[in-house]
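Novice: For the protein sequence lines, the chains are A and B, in the order given. Be aware that the first sequence starts at 1, since it is given in the UniProt record's numbering, and climbs by one per residue. Be aware that the second sequence starts at 1, since it is given in the UniProt record's numbering, and climbs by one per residue. Backbone N, C-alpha and C define an ideal beta-carbon position, used for all residues, glycine too. None of the values given here were measured: they were computed from a predicted structure. Just passing along the structure, written as structure tokens.
Protein chains: 2
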Amino acid sequence: MVATRLDEIDRMILAELQADGRMTNVELAKRVGISAPPCLRRVRTLEESGLIRGYHAEVNSRELGFEVQVFAMVGLESQAEAELSAFEERCREWPLVRECHMLNGEVDFILKCVAPDLSSFQQFLTGELLTTPNVASVKTSLVIRGAKDEPGVPFDVLEERMSRTA
Amino acid sequence: MVATRLDEIDRMILAELQADGRMTNVELAKRVGISAPPCLRRVRTLEESGLIRGYHAEVNSRELGFEVQVFAMVGLESQAEAELSAFEERCREWPLVRECHMLNGEVDFILKCVAPDLSSFQQFLTGELLTTPNVASVKTSLVIRGAKDEPGVPFDVLEERMSRTA
DNA sequence: GGAAGATGCGCAATAATCTTTCGTGCTTGC
DNA sequence: GCAAGCACGAAAGATTATTGCGCATCTTCC
């Protein structure tokens, strides 16, 4: 945790860029209350420190033809580290798998997948995921509808926290 | 699905901006092989059509002090539409809940949550989520480690699909 | 066929932004 | 109290965004 080294301006910059990553630097500087050059320096520093990992356009998956979104709970036969890593590597190679998280509890991994349609996903499920060595069980749940999808973290919670420790 | 109205250049633009949302327009134009003005016009059109929903900086949650990530599976007492909407609205108000998706199957909703630490999350869980009316069951799984976290959609799959139908 | 309209490109010019340089003030530590 | 280290902001030049316009291509409708 390096967040303590950040002042309030840095946190404002992060919050603004999380909300609108394409904002011009002058607009950003105006919003956080400093002039453009130091603002740009701060952004560069945040990027180099790894606090900002990158910038992404948020695309409309459904309109683009990815009508299906699925969560898959995967259990493995063996939870030895080598097996875990091997499965993670597989996930990285599957384009339909967008996220893969290792969990505690009965399920070993949760995967967030997208697919153009149900049959594409079934094909991936039966042809790829279920035939992967060491995969013991897969339970899938189709997303009926999305209710909330916010990127990143809630900066208001962070601010609240900082002011309490200050 | 409006993706069929897009040509290959539009899809390249979307792919590039999904990968690097802060790329300059001249760089983008160079990569997709047209000059800057028409490239900017295409980007504006994509934004106005809603295919590009926005741009976001990807921040390092852990380094920012959100060390805990949790998936929560929520079951409701009643699945009447009014109750579903009410729960979704609650989720939108909770800053720690970053995503909320309605699922098919035994579980009604899956929530992706972040929190500064375990006790913050427990506090949210017992003080907010579990005390919400109509919530019947909540099963939580802590994220041990993240293996993959790609934003958006796999454009190579889309390209493959387009070339097949063309 | 062939002309009229629509669409989309690229060039050129201007406006805005980015980025570097440099001088100043403020804190920090001795 | 003073030097060193930071971070800021003004100014200037380089780069980029944005607009206007002419041209080519492609449809569409005689």
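#1: Could you tell me which residues DSSP pairs with A:G127 in its beta bridges?
#2: How about B:L158 and B:R11: are their beta carbons less than 8 Å apart?
#3: Determine the DSSP secondary structure at B:R22, reduced to helix, strand or coil.
#4: In the DSSP assignment, the beta strand (DSSP E) including A:K141 goes from what residue to what residue?
#5: Give me the Cα-Cα distance between residue 171 of chain B and A:Q79, rounded to the nearest whole angstrom.
#6: Alpha helix (DSSP H) containing B:R44: first to last residue?
#7: In whole angstroms, what separates the C-alpha of B:M102 from that of A:S141?
#8: Can you give, in chain order, each stretch of the beta strand (DSSP E) that sits fully within the stretch 64-92 of chain B and has at least 3 residues?
#9: Report the neighbours of B:G105 on chain A: residues whose CB is nearer than 7 Å to its CB, in chain order.
#10: Note the first and the last residue of the continuous beta strand (DSSP E) segment covering B:E58.
#11: Would you kindly report the start and end of the unbroken beta strand (DSSP E) that includes A:R5?
#12: May I ask you to report which of helix, strand or coil DSSP gives B:E106?
#13: Under 8 Å, with one C-beta from each stretch per pair, do the stretch 43-53 of chain B and the stretch 53-66 of chain A reach the 3-pair mark?
#14: Return the bridge partner residues of B:K30 from the DSSP annotation.
#15: I need the DSSP call for A:R98, collapsed to helix, strand or coil.
#16: Check whether the Cβ atoms of A:C91 and B:K112 sit closer than 8 Å, and answer yes or no.
#17: Assign A:G105 to buried or exposed, taking buried as 16 or more other Cβ atoms, counted over all protein chains shown, within 10 Å of its Cβ.
Specialist: Walking through what the data contain:
#1: For A:G127, DSSP assigns no beta-bridge partner whatsoever.
#2: It is a contact, given that the beta carbons lie within the stated cut-off.
#3: Coil, per DSSP.
#4: The residue asked about is misnamed: residue 141 of chain A is Ser in this sequence, not Lys. Annotation for A:S141: the continuous beta strand (DSSP E) segment containing it runs 135-149.
#5: Absent from the model: residue 171 of chain B. The displayed extent of chain B is 1 to 166, so no value can be given.
#6: Looking at the DSSP string, the run of the alpha helix (DSSP H) that includes B:R44 is 36-48.
#7: The alpha-carbon atoms of B:M102 and A:S141 are separated by roughly 9 Å.
#8: Taking only runs of at least 3 residues, the beta strand (DSSP E) segments lying wholly in the stretch 64-92 of chain B are 68-76.
#9: Result: S141.
#10: The continuous beta strand (DSSP E) containing B:E58 extends over residues 52-59.
#11: Judged by DSSP secondary structure, A:R5 falls outside any beta strand (DSSP E); it is assigned neither H nor E.
#12: If DSSP states are grouped into helix, strand and coil, B:E106 belongs with coil.
#13: Touching, yes, given that three or more Cβ pairs across the two stretches are closer than 8 Å.
#14: Looking at the DSSP assignment, B:K30 forms no beta bridge with any residue, so it has no partner.
#15: A:R98: strand per DSSP, three-state reduction.
#16: Their beta carbons are not under 8 Å apart, which means A:C91 does not touch B:K112 by this criterion.
#17: Residue environment analysis places A:G105 among the exposed positions, since fewer than 16 neighbouring C-beta atoms fall within 10 angstroms of its C-beta.
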